[in-house]
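Asks: Next up is a structure, given as structure tokens.
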Amino acid sequence: AKYDQDKQVYIVYMGALPARVDYMPMSHHTSILQQVTGESSIENRLVRSYKRSFNGFAARLTESEREILASMEEVVSVFPSKKLMLQ
Amino acid sequence: TTRSWDFMGLKEGKKTKRKPSIESNTIIGVIDSGIYPESDSFNGKGFGPPPKKWKGVCEGGKNFSCNNKLIGVRYYTPKLEGLPHSARDNMGHGSHTASTAAGNTVKDVSFYGLGNGTVRGGVPAARIAVYKVCEPGIFGCTGDGMLSAYDDAIADGVDIITISIGGDSSSPFEVDPTAIGAFHAMAKGILTVNSAGNSGPERSTVTSVAPWILTVAASNTNRAFVTKVVLGDGKTVVGRSVNTFDLNGTKYPLVYGRSASTSCGAASAGFCSPGCLDSKLVKGKIVLCDFELNTDEAQSMGAVASITKSSRVDFASVFSFPVSALSEDDYNTVLSYMNSTKNPKATVLKSDTIFKQTAPVTATYSSRGPNAIIPDILKPDITAPGSEILAAYSPDAPPSQSDTRHVKYSVATGTSMACPHIAGVAAYIKTFHPRWSPSMIKSAIMTTAWSMNASTSPFNEMAEFAYGAGHVDPITAIHPGLVYEANKHDHIAFLCGLNYTGKNFRLISGDSSSCTKEQTKSLPRNLNYPSMTAQVSATKPFKVTFRRTVTNVGMPNTTYKAKVVGDNLKVKVVPSVLFFKSVYEKKSFTVTVSGNGPEADKLMSAHLIWSDGVHSVRSPMVIYAAN
Numbered sequence: 001a002k003y004d005q006d007k008q009v010y011i012v013y014m015g016a017l018p019a020r021v022d023y024m025p026m027s028h029h030t031s032i033l034q035q036v037t038g039e040s041s042i043e044n045r046l047v048r049s050y051k052r053s054f055n056g057f058a059a060r061l062t063e064s065e066r067e068i069l070a071s072m073e074e075v076v077s078v079f080p081s082k083k084l085m086l087q
Numbered sequence: 001t002t003r004s005w006d007f008m009g010l011k012e013g014k015k016t017k018r019k020p021s022i023e024s025n026t027i028i029g030v031i032d033s034g035i036y037p038e039s040d041s042f043n044g045k046g047f048g049p050p051p052k053k054w055k056g057v058c059e060g061g062k063n064f065s066c067n068n069k070l071i072g073v074r075y076y077t078p079k080l081e082g083l084p085h086s087a088r089d090n091m092g093h094g095s096h097t098a099s100t101a102a103g104n105t106v107k108d109v110s111f112y113g114l115g116n117g118t119v120r121g122g123v124p125a126a127r128i129a130v131y132k133v134c135e136p137g138i139f140g141c142t143g144d145g146m147l148s149a150y151d152d153a154i155a156d157g158v159d160i161i162t163i164s165i166g167g168d169s170s171s172p173f174e175v176d177p178t179a180i181g182a183f184h185a186m187a188k189g190i191l192t193v194n195s196a197g198n199s200g201p202e203r204s205t206v207t208s209v210a211p212w213i214l215t216v217a218a219s220n221t222n223r224a225f226v227t228k229v230v231l232g233d234g235k236t237v238v239g240r241s242v243n244t245f246d247l248n249g250t251k252y253p254l255v256y257g258r259s260a261s262t263s264c265g266a267a268s269a270g271f272c273s274p275g276c277l278d279s280k281l282v283k284g285k286i287v288l289c290d291f292e293l294n295t296d297e298a299q300s301m302g303a304v305a306s307i308t309k310s311s312r313v314d315f316a317s318v319f320s321f322p323v324s325a326l327s328e329d330d331y332n333t334v335l336s337y338m339n340s341t342k343n344p345k346a347t348v349l350k351s352d353t354i355f356k357q358t359a360p361v362t363a364t365y366s367s368r369g370p371n372a373i374i375p376d377i378l379k380p381d382i383t384a385p386g387s388e389i390l391a392a393y394s395p396d397a398p399p400s401q402s403d404t405r406h407v408k409y410s411v412a413t414g415t416s417m418a419c420p421h422i423a424g425v426a427a428y429i430k431t432f433h434p435r436w437s438p439s440m441i442k443s444a445i446m447t448t449a450w451s452m453n454a455s456t457s458p459f460n461e462m463a464e465f466a467y468g469a470g471h472v473d474p475i476t477a478i479h480p481g482l483v484y485e486a487n488k489h490d491h492i493a494f495l496c497g498l499n500y501t502g503k504n505f506r507l508i509s510g511d512s513s514s515c516t517k518e519q520t521k522s523l524p525r526n527l528n529y530p531s532m533t534a535q536v537s538a539t540k541p542f543k544v545t546f547r548r549t550v551t552n553v554g555m556p557n558t559t560y561k562a563k564v565v566g567d568n569l570k571v572k573v574v575p576s577v578l579f580f581k582s583v584y585e586k587k588s589f590t591v592t593v594s595g596n597g598p599e600a601d602k603l604m605s606a607h608l609i610w611s612d613g614v615h616s617v618r619s620p621m622v623i624y625a626a627n
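Line order of the protein sequences matches chains A and B.
Its first residue numbered 1, the first sequence is counted upward by one per residue in my numbering.
Its first residue numbered 1, the second sequence is counted upward by one per residue in my numbering.
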């Protein structure tokens, strides 16, 4: 439980979808997550994948993992998934 | 809604010119708390199959079916205890906004007889696609779910997105899910309309700040619900609420919360704070509460009604039993009657509606500018009806706190209700101009708006920071004459000026180019925006120049002349005459504004109007000083 407590859901925004025909967003997201977490299974990590209109994903990350991701060349920003309100 | 469309001139049925077949091919994406599919407002009768361009799906969960009106649904919320895991609306909010934007025309609708009329959306013949990202209680709405909704809505092929969701403060674009989703929607030709927020009237409370979003403030309409309180001495005061409960004129003993507690101090008891009222002292009486959000505490202790003080009497809310919310003066009138009478009595009448001559006035709750992230981009952009809007609701959600009723139509208030009005108008304009870009539609809505002015009410005193370009006028917006265009490339250049350079520029734009030197030096206020705003130093002499380009969408061979309305800014427009030989021809001009800066926290404004004698294209110019 403590391990989980160190994690929260972050949104990893990666900009527009690359125009390359062979680009496979889900595989890219998975490989990034495996690389950053050092875990082969990302089942408990990946929350959502944005792959139809723009690029990015949402995942349960620790703060240090967030920092690593934010510095990646293919990442625009990594930020907490906040609660929003109806207005 | 039963009144707001008439208020702004979009009359029912044949009285308004429409493009039925194009409207039927228009899809509005609603990112909200889901929908009540069985509502008459979303009935598919009379609709043909969904438009060919539609790529969405109907994945609403168990016992949820779509139709040719409600053509698609997805949900991104987890299974919560006690709630069906589906796209069903457990809050009423999603059904309300969807019906306001594009609901069917449903006659003879009211809220227990109040506000009777024909409920309809801005484009009743359009289709609705729903993306559920919110659930009641602490779950709320999540940023990651919202981005999935955008990701799908854009790819599914909606034409307009309406999203009445926001955070508690504004954020830089790259960490703002609404701004991110709306940017990629804009890049695909989809306009996103977003509520400004309900944190007004304080300054800089608008949470929707991106220039590629159409940000909507809320006003009242010319119909208001009022609720009379009749005192034992015959005196009557008029309060606000949507009170459907009828005490039949019976007068009940009055008791002040402050003297109806055996467990709290005077102040909390006066507020009727939870746990403070003693049922033995309030049962069968009308309780005075200093705070309108605690009236259900009085109800739970057996009171028959409550009269409350409210600092916000410019709108009426639904309550779960008879309530009237009074201004401080009127509340004090009741208090002094009570304190000076041996057996004080009163009654609360069922609400009725009155005509508000002064509408539109910006609502107190509507978030204000200036734009905390980009000071030189005016927010909000436009104003639309947001108060006391009667529209579809979900019977699975209570119409007010502690309410045991189940209704299919209810009255709600907030910039959430203003937003779908603008989405409906945007869709309406798009049926006349199917090829117009999001920025052209936005410009048409802003430059044709009714001007509002600070003097009509203290709530307007922040002028353009309260109401933006003014109140939407859908009929005029179809023929704006000129529009200010800003496409993806223009917004990318705008981002360069904000130091989105290098990696971020490359990723967001999706192409391998990088910011040119000129783009990097571009000023945010030179984005081709339908309003012109600059923050200057307080009281110091200033001189700022805005560069703008307008596109002729009116008639060929037409001459527009510039006029400046409002005299507290020195304005020079060059050139001041624009001749357009053809339609879609573009002309550029500069506007130089100079003078002494306003005092800190104050703004000075004027309006630039291009007119060819037929069209009047009005842009607010706002100069303000931060504190």
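Built from N, CA and C at the ideal position, the CB exists for glycine as well.
#1: Between the segment 39-56 of chain A and the segment 201-214 of chain B, can you find at least three pairs of beta-carbon atoms closer than 8 Å?
#2: Which value, in whole angstroms, describes the spacing of the CA atoms of VAL573/B and THR592/B?
#3: Within a Cβ cutoff of 8 Å, which residues of the same chain sit near ASN552/B, ignoring the five residues on either side of it in sequence?
#4: Can you confirm whether the segment 133-149 of chain B touches the segment 62-76 of chain B when touching is taken to mean that 3 or more C-beta pairs between the two stretches lie within less than 8 Å?
#5: When the cut-off is 8 Å and only beta carbons count, does SER195/B lie next to chain A?
#6: In the DSSP output, what is PHE111/B paired with across the bridge?
#7: Going by DSSP in three states, PHE355/B sits in which element: helix, strand or coil?
#8: Taking Cβ-Cβ distances below 8 Å as the criterion, which residues of the segment 501-534 of chain B are in contact with chain A?
#9: Taking any Cβ of chain A, which residues in the segment 408-425 of chain B have a Cβ under 8 Å from it, in chain order?
#10: Give the single residue among ASN222/B, GLY613/B, GLY249/B whose Cα lies nearest to the Cα of ALA562/B.
#11: Report all residues from its chain with a CB closer than 6 Å to the CB of ALA98/B; omit the five preceding and five following residues, and keep chain order.
#12: Any idea if SER279/B is buried or exposed, counting beta-carbon neighbours within 10 angstroms, 16 or more meaning buried?
#13: Keeping to the same chain, check which residues put their C-beta closer than 6 Å to that of GLY167/B; ignore five residues upstream and five downstream.
#14: At a Cβ cut of 9 Å, what residues of the segment 118-143 of chain B count as close to chain A, listed as they run along the chain?
#15: Look up ASN596/B in the DSSP assignment and give the residues it is bridged to.
#16: Within the 8 Å Cβ cut-off, does VAL76/A reach chain B?
#17: How far does the beta strand (DSSP E) with THR559/B in it reach, from first residue to last?
#18: So that I know if they touch, is there some Cβ in chain D lying closer than 8 Å to that of ILE11/A?
#19: With 8 Å as the C-beta to C-beta threshold (strictly closer), list the residues of the segment 78-92 of chain B near chain A in chain order.
#20: Using a Cβ cut-off of 9 Å, pull out every chain A residue sitting near ALA372/B, in sequence order please.
#21: Go to ASN194/B, then tell me how far its beta strand (DSSP E) extends in each direction, as first and last residue.
#22: Nearest-angstrom Cα distance between GLY468/B and ASN339/B?
#23: For TYR75/B, write down the residues that DSSP places opposite it in a beta bridge.
#24: What are the residues of the segment 13-44 of chain A that lie near chain B, defined by any Cβ-Cβ distance shorter than 8 Å?
#25: Do ILE154/B and HIS184/B have their beta-carbon atoms positioned less than 8 Å apart in this structure?
#26: Would LEU288/B and LEU335/B qualify as a contact pair, given that the criterion is a beta-carbon distance under 8 Å?
#27: How is the beta strand (DSSP E) around ARG66/A delimited, first residue to last?
#28: What residues in its chain sit with their C-beta under 6 Å from that of LYS188/B, if we drop five residues either side in the sequence?
#29: Can you have a look at TYR23/A and say buried or exposed, based on whether 16 or more other CB atoms are within 10 angstroms of its CB?
#30: Please name the residue in SER24/B, SER65/B, ASN43/B whose C-alpha comes closest to that of LYS53/B.
#31: Does LYS11/B come out as helix, strand or coil in the three-state DSSP assignment?
#32: Which residues in chain B sit within 7 Å of GLU73/A, going by Cβ to Cβ distance?
#33: Pull up the distance between the alpha-carbon of PRO380/B and that of GLY48/B, whole angstroms please.
#34: Let me know if ALA303/B comes out buried or exposed under the rule of 16 or more other beta-carbons within 10 Å of its beta-carbon.
#35: If you count every other CB in all the chains shown that lies within 10 Å of the CB of ILE165/B, and 16 or more means buried, which is it?
#36: List the endpoints of the continuous beta strand (DSSP E) containing GLN8/A.
Replies: This is what the structure holds:
#1: Under the Cβ criterion (8 Å, minimum of three pairs), the segment 201-214 of chain B does not count as touching the segment 39-56 of chain A.
#2: Translated into the one-based positions of the second sequence, residue 573/B becomes position 573. Translated into the one-based positions of the second sequence, residue 592/B becomes position 592. VAL573/B and THR592/B have their alpha carbons spaced roughly 6 Å apart.
#3: Numbered from its first residue, the second sequence carries residue 552/B at position 552. By the criterion of a C-beta distance shorter than 8 Å, ASN552/B is surrounded in its chain by GLY481, LEU482, THR558, PHE580, SER582, VAL583, TYR584, GLU585, LYS586, LYS587, once the five residues flanking it on both sides are discounted.
#4: These segments touch.
#5: As a first step, residue 195/B must be located in the second sequence, where it is residue number 195. It does; some Cβ of chain A falls within 8 Å.
#6: Counting from one through the second sequence, the residue named residue 111/B turns up at place 111. In DSSP, PHE111/B forms a bridge with LEU114/B.
#7: Translated into the one-based positions of the second sequence, residue 355/B becomes position 355. Assigned with DSSP and collapsed to three states, PHE355/B falls in strand.
#8: Within the segment 501-534 of chain B, the residues whose Cβ lies closer than 8 Å to some Cβ of chain A are LYS503, ASN504, ARG506, LEU507, ILE508, SER509, GLY510, ASP511, listed in chain order.
#9: Identification of residues in the segment 408-425 of chain B having a C-beta nearer than 8 Å to some C-beta of chain A yields GLY414, THR415, SER416, CYS419, given in sequence order.
#10: Numbered from 1 along the second sequence, position 562 holds the residue referred to as residue 562/B. The shortest C-alpha separation from ALA562/B is found at GLY613/B.
#11: Mapped onto the second sequence, residue 98/B falls at position 98. Once the five neighbours on either side are set aside, the close Cβ partners of ALA98/B are VAL30, ILE35, ILE128.
#12: Mapped onto the second sequence, residue 279/B falls at position 279. Counting the other CB atoms within 10 Å of its CB gives SER279/B a total below 16, which places it among the exposed residues.
#13: For the purposes of this step, residue 167/B is taken as residue 167 along the second sequence, with counting starting at 1. The beta carbon of GLY167/B lies closer than 6 Å to those of THR207 in the same chain, with the five residues before and after it left out.
#14: Within the segment 118-143 of chain B, the qualifying residues are VAL133, CYS134, ILE138, PHE139, GLY140, CYS141, THR142, GLY143.
#15: Within the second sequence, numbered from 1, the residue matching residue 596/B stands at position 596. Answer is PRO541/B.
#16: Here the question's residue 76/A lines up with position 76 in the first sequence. With its beta carbon less than 8 Å from one in chain B, VAL76/A belongs to the interface.
#17: The residue you call residue 559/B lines up with position 559 of the second sequence. That run of the beta strand (DSSP E) goes 558-565.
#18: In the structure shown, chain D cannot be found, because the protein chains are A and B.
#19: Only MET91 from the segment 78-92 of chain B bring a Cβ to less than 8 Å from some Cβ of chain A.
#20: Indexing the second sequence from 1 puts residue 372/B at position 372. Simply none; closest approach about 16 Å.
#21: Position 194 of the second sequence, counting from 1, holds the residue named residue 194/B. In the DSSP assignment, ASN194/B falls within the beta strand (DSSP E) that extends over 191-195.
#22: Here residue 468/B corresponds to residue number 468 of the second sequence, with the count starting at 1. Here residue 339/B corresponds to residue number 339 of the second sequence, with the count starting at 1. Their backbone Cα atoms lie some 45 Å apart in a straight line.
#23: For the purposes of this step, residue 75/B is identified with residue 75 of the second sequence, where counting begins at 1. Under DSSP, TYR75/B forms a beta bridge with LYS132/B.
#24: Going along the segment 13-44 of chain A in chain order, one finds TYR13, MET14, GLY15, ALA16, LEU17, PRO18, ALA19 with a Cβ nearer than 8 Å to chain B.
#25: Your numbering for residue 184/B matches position 184 in the second sequence. Your numbering for residue 154/B matches position 154 in the second sequence. Here HIS184/B is near ILE154/B, since their CB atoms are less than 8 Å apart.
#26: As a position in the second sequence, residue 288/B is number 288, starting the count at 1. As a position in the second sequence, residue 335/B is number 335, starting the count at 1. Contact flag set, yes.
#27: Here the question's residue 66/A lines up with position 66 in the first sequence. Premise fails: ARG66/A lies in the alpha helix (DSSP H), 63-70, not in any beta strand (DSSP E).
#28: Position 188 of the second sequence holds residue 188/B. Excluding sequence neighbours, LYS188/B sits near ILE154.
#29: To locate residue 23/A, count along the first sequence from 1; it is residue 23. So TYR23/A ends up on the exposed side.
#30: The count along the second sequence starts at 1 and reaches residue 53/B at position 53. When only C-alpha atoms are compared, the closest one is SER24/B.
#31: For this step, residue 11/B is matched to residue 11 along the second sequence. Note: LYS11/B maps to coil in three-state DSSP.
#32: Against the first sequence, residue 73/A aligns to sequence position 73. Here the neighbours are LYS503.
#33: The residue given as residue 380/B occupies position 380 in the second sequence. The residue given as residue 48/B occupies position 48 in the second sequence. Take the alpha-carbon of PRO380/B and the one of GLY48/B: they are about 37 Å apart.
#34: Along the second sequence, read from residue 1 onward, the residue named residue 303/B stands at position 303. Buried, since its Cβ has 16 or more Cβ neighbours within 10 Å.
#35: Working through the second sequence from its first residue, we reach residue 165/B at position 165. Buried.
#36: To locate residue 8/A, count along the first sequence from 1; it is residue 8. It spans 8-13 - the beta strand (DSSP E) in which GLN8/A sits, taken as one unbroken run.
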